[in-house]
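Residues 1 to 248 in the UniProt record's numbering are what the sequence shown spells out, letter by letter.
Even glycine gets a Cβ: it sits at the ideal position worked out from N, Cα and C.
These notes are about the structure you will find just below.
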Amino acid sequence: MLGDLVATTPAASVVVLNPGNGDAPFDGRWQARADALRAATTATGEKTKVLGYVHTDHGNRDFDAVKASVDNYLKTRDGRLHVDGIFFDVVSRDCGPGNATRDHYARLREYVQDTMDGVDPTAADLVVDNPGTAIADCYLEPGHRTADVFVTFEDTYAAYTGGGWLGGNVFADSGGYRTGTELDPTGTAFWHLVHAVPDATAMRATLRTAFDRGAGYAYATGTRMPNPWDESPSWKYRSQTLYAATLG
């Protein structure tokens, strides 16, 4: 899978690396893979962003344990950054009492930013939160934002084209889903991950739908649960990255 990604032109915009569910050492072998991926060029002329995977158990995992997982990626023996940021998985979608859950994730983002700045002050950090569904708009509140990008859909193609799409990327405590574009000046705040996509035609339809729904990033694969993210899609990556480039 990683070999396919390294060889793909144009390259993927973002790649998430997940050694040992985020708890294994990010050793020299993984660092070399990350470096190879980061050398690739996307359709927009930028370099691929590589993120380290860290699970959070909906905000219930101990803060110091999450920090230790982050450190696996950002505090390497050679003192260099081999990733561009962190992908926080199993993220709560709710603000929590008094915004406590939101603030927990805001602290994690700040920790990533401060740690990367300590290693390389010139590095641009990228933090992704993955609730896998629409997220409360408090997570994008100015001054309290918890991530640069939010995965606001992660499910099957059948769910994406059926009743699994809730109608927007964000919601308010008072109810109601909306695209969230007013909270997204860059146009890249939302990411849709769709698996069990039946064929290349459906892949292209998925990408069109994702961008129509306000996503700045989208990925479609034909692979299925229990882990649809550890294999290349049958149509490989090139056809997907080329088609995504035509959609802007």
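Simplified DSSP assignment, three categories, for Y161: By 1-based counting over the sequence shown, the position of residue 161 is 161. It should be pointed out that residue 161 corresponds to Thr in this sequence rather than to Tyr. Three-state result, T161: helix.
Q31 versus H82 - alpha carbon distance: Along the sequence shown, read from residue 1 onward, the residue named residue 31 stands at position 31. Along the sequence shown, read from residue 1 onward, the residue named residue 82 stands at position 82. Going by the C-alpha atoms only, they are around 6 Å apart.
Terminal residues of the alpha helix (DSSP H) in which W30 lies: Residue 30 sits at position 30 when you count from the first residue of the sequence shown. In this chain, the alpha helix (DSSP H) harbouring W30 covers G28 to R38.
Start and end residues, beta strand (DSSP E) containing K49: Taking the first residue of the sequence shown as position 1, residue 49 is located at position 49. Following the DSSP letters along the chain, one finds K49 inside the beta strand (DSSP E) bounded by residues K49 to H55.
Candidates T133, G214 and A220: closest to D199 by CA position: Indexing the sequence shown from 1 puts residue 199 at position 199. Nearest of T133, G214 and A220 to D199, Cα basis: A220.
Contact with chain C by M203, beta-carbon distance below 8 Å: Note that chain C does not occur in the displayed structure, where there is just one protein chain.
Rounded straight-line distance, which links the Cα of T186 to that of E46: Counting from 1 along the sequence shown, the entry for residue 46 is found at position 46. Counting from 1 along the sequence shown, the entry for residue 186 is found at position 186. Distance between the alpha carbons of E46 and T186 is about 15 Å.
Complete beta strand (DSSP E) runs within the segment 78 to 110 (minimum length 3 residues, chain order): Runs found: 85 to 89.
Span of the alpha helix (DSSP H), counted from its first residue to its last, around T206: For the purposes of this step, residue 206 is identified with residue 206 of the sequence shown, where counting begins at 1. Here the alpha helix (DSSP H) through T206 covers A200 to D212.
Own chain residues within Cβ distance below 6 Å of G164, not counting five before or after: As a first step, residue 164 must be located in the sequence shown, where it is residue number 164. Hits under 6 Å: D155.
Test item: CB-CB of A43 and T241 under 8 Å: Taking the sequence shown and counting its residues from 1, the one referred to as residue 43 is at position 43. Taking the sequence shown and counting its residues from 1, the one referred to as residue 241 is at position 241. For A43 and T241, yes; Cβs fall inside 8 Å.
L166 in three-state terms, based on DSSP: Against the sequence shown, residue 166 aligns to sequence position 166. Three-state DSSP puts L166 in coil, outside helix and strand.
Nearest neighbour of T76, chosen from S92, G118, G98 and A134 [CA to CA]: If you number the sequence shown from 1, residue 76 lands on position 76. Closest option to T76, Cα to Cα, is G118.
contact_flag[the segment 162 to 176, the segment 125 to 132] where n(CB pairs < 8 Å) is 3 or more: no
Per-residue DSSP class, three states only, for R145: Mapped onto the sequence shown, residue 145 falls at position 145. Three-state result, R145: coil.
Three-state secondary structure assigned by DSSP to E154: On the sequence shown, residue 154 is found 154 positions in, with the first residue counted as 1. Of the three classes helix, strand and coil, the one that applies to E154 here is strand, per DSSP.
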